[in-house]
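Visitor: According to the working numbering, the sequence shown is numbered sequentially starting from 50. Cβ coordinates follow ideal geometry from the N, Cα and C atoms, glycine included. This is the structure, below, for whatever I ask next.
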Amino acid sequence: MAVQPADTSLARDSEPQTVAVELDIEGMTCALCANRIERKLNKLDGVSASVNYATEQARVTAPAGFDPQRLITTVEDAGYRAQLPTTAGTGDDGDSTEGDRRDRELEVLRQRLLISVVLAVPVILISMIPALQFVTISSTRPS
Numbered sequence: 050m051a052v053q054p055a056d057t058s059l060a061r062d063s064e065p066q067t068v069a070v071e072l073d074i075e076g077m078t079c080a081l082c083a084n085r086i087e088r089k090l091n092k093l094d095g096v097s098a099s100v101n102y103a104t105e106q107a108r109v110t111a112p113a114g115f116d117p118q119r120l121i122t123t124v125e126d127a128g129y130r131a132q133l134p135t136t137a138g139t140g141d142d143g144d145s146t147e148g149d150r151r152d153r154e155l156e157v158l159r160q161r162l163l164i165s166v167v168l169a170v171p172v173i174l175i176s177m178i179p180a181l182q183f184v185t186i187s188s189t190r191p192s
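Here it is, written out as structure tokens:
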């Protein structure tokens, strides 16, 4: 579950109750991006946020009744994509699960690798086969 009541067993009765919210964040390319998102979220009243670049998640503690959509809007205003985490099997089409997102990223990387190999093979052949080095030989001869 994305929104859970925070542990308030040690809290005094006069302190407001808080909730813990986790966000999935996409589009971060470095730790500085995570720091920027964390600062933007911490500027909201009563919000305490911690963003982890490696897991692409943010853990936010907010006052009870705080709208999670406001957190998502704040992250999107900073230039990144955010959503509440979805559990596997909850989506009708299954495209919103973490595993499917990783599979799409891997497919893009496989396509880039294949294109790189196709473009690199001719360069390697030209540089390794002596008969194909005619351009190099002709450029070293005086005219």
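1) Quick one: which unbroken beta strand (DSSP E) runs of 3-plus residues sit fully inside the stretch 67-127? Chain order, please.
2) On the criterion of 16 or more Cβ atoms from any shown chain inside 10 Å, does R90 qualify as buried, or is it exposed?
3) Use the C-beta contact count for L174: other C-beta atoms within 10 angstroms, 16 or more gives buried, fewer gives exposed.
4) Alpha carbons only, please: which of M77, T110, R119, V96 is nearest the one belonging to V202?
5) Across the stretch 103-119 and the stretch 158-175, are there enough close Cβ pairs to call them in contact, namely three or more that are closer than 8 Å?
6) By the three-class DSSP mapping on this structure, what secondary structure does M177 have?
7) In whole angstroms, what is the alpha-carbon distance linking D126 and T135?
8) Quick check on this structure: which residue in R130, T67, P179 has the alpha carbon closest to the alpha carbon of F115?
9) Taking the C-alpha atoms as reference points, what is the distance between E87 and V96?
Guide: Taking the geometry as given:
1) 67-75, 97-101, 106-112
2) It is worth fixing the name first, because residue 90 is Leu in this sequence and not Arg. Buried, since its Cβ has 16 or more Cβ neighbours within 10 Å.
3) exposed
4) As displayed, the chain neither begins before 50 nor continues past 192, which places residue 202 out of reach and without an answer.
5) By the Cβ test, the stretch 103-119 is not in contact with the stretch 158-175, since fewer than three Cβ pairs between them sit closer than 8 Å.
6) helix
7) 22 Å
8) T67
9) So the two alpha carbons sit approximately 10 Å from each other.
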